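Residue 389 in our numbering is what sits at position 76 of the sequence shown, and the numbering runs on without skipping anything.
For every residue, glycine included, the Cβ atom is placed at its ideal position computed from N, Cα and C.
Keep in mind it's a predicted model, so treat the numbers as computed, not measured.
Notes follow once the structure below has been shown.
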Amino acid sequence: MTLPELPSFVHDRKNLDGFTLYRSGDPRDRREPGCVVLVTVDTDSEVTARAWVDSVFVALASEPNPHTGGISAAFHIRDDGRRVINYAEWVSAEDHVDAVSSGGGVGSATADWRRVRNFPGVQHVSVERFRPLAKVQAEVE
């Protein structure tokens with residue numbers, strides 16, 4: 314699977330132009346990411362954005378079957394508080410495709426994940442896969 318380069322506003326997992334890092338789950342191990350997934354949601358307020366991100370962390374912590382391809386996640390809230398981008402690192406694009414293949418997104422059919430998926434004031438916008446910056450930089454050098 315050929316992946317496009319990350320958009321120019323993305324500098325690294327913790328630095329996106331126009332966004333502030335709110336919360337991150339640091340890498341579980343030292344595996345090199347083969348894919349970056351940007352998950353974008355719109356919210357009705359910064360309070361909703363923060364509450365939604367917090368609910369994702371609750372769901373992740375209670376996940377009975379975490380996918381082994383997930384490496385890390387960093388949630389950024391746009392400066393106006395009305396958009397969230399999760400910069401998620403995966404071992405490969407195929408791992409991410411496998412993780413969302415059930416059609417419900419990442420995560421099992423638990424009450425915590427249902428809350429994330431049906432959170433009031435949140436509209437899911439997009440899920441896009443990209444080449445990690447380190448891979449792009451290595452190709453240039």
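Item checked: Own chain residues within Cβ distance below 6 Å of GLY347, not counting five before or after -> Counting from one through the sequence shown, the residue named residue 347 turns up at place 34. The answer, listed in chain order, is VAL404, SER405.
Margin query: With a threshold of 6 Å on Cβ separation, who are the neighbours of HIS380 within its own chain once the five nearest residues in sequence on each side are excluded?
Written below: The residue given as residue 380 occupies position 67 in the sequence shown. Counting only Cβ-Cβ distances below 6 Å, and skipping sequence neighbours, we find ALA412.
Next item on the list: Locate the beta strand (DSSP E) running through PHE370, then write down its first and last residues.
Entry: For the purposes of this step, residue 370 is identified with residue 57 of the sequence shown, where counting begins at 1. Counting along the chain, PHE370 falls outside any beta strand (DSSP E), though it belongs to the alpha helix (DSSP H) covering 359–375.
Checklist line | Pick from SER337, PRO317, VAL371, ILE390 that is closest to THR353, judged by C-alpha positions | finding: Position 40 of the sequence shown holds residue 353. Here the closest residue by C-alpha is ILE390.
Note to self: So if DSSP puts GLY420 in a beta bridge, which residue, or which two residues, is it bridged to?
What the structure shows: Counted from its first residue, the sequence shown places residue 420 at position 107. DSSP, once it has assigned bridges, lists no residue as partnering GLY420.
Next item on the list: Check whether the segment 422–437 touches the segment 382–396, counting contact only when three or more Cβ pairs, one atom from each stretch, lie closer than 8 Å.
Entry: no
Next item on the list: Thinking GLU407 and ARG326 are a contact (beta carbons under 8 Å), I'd like their distance in whole angstroms, please.
Entry: As a first step, residue 407 is located in the sequence shown; it is residue number 94 there, counting from the start. As a first step, residue 326 is located in the sequence shown; it is residue number 13 there, counting from the start. Not really, about 20 Å apart at Cβ, beyond 8 Å.
Checklist line | DSSP state of ASP411 mapped onto helix, strand, coil | finding: Numbered from its first residue, the sequence shown carries residue 411 at position 98. Note: ASP411 maps to helix in three-state DSSP.
Margin query: Let me make sure I understand the geometry here. Which of VAL435, LEU329, GLY331 has the alpha-carbon closest to that of VAL360?
Written below: On the sequence shown, position 47 is the one that residue 360 refers to. When each option's Cα is compared against that of VAL360, the closest is VAL435.
Notebook entry, point to check: How big is the Cα-Cα spacing for ALA422 and SER375?
Noted result: The sequence position of residue 422 within the sequence shown is 109, counting from 1. The sequence position of residue 375 within the sequence shown is 62, counting from 1. Roughly 11 Å separates the two Cα atoms.
Check: What three-state label does DSSP hand ASP425 in the structure shown?
Finding: By 1-based counting over the sequence shown, the position of residue 425 is 112. If DSSP states are grouped into helix, strand and coil, ASP425 belongs with the helices.
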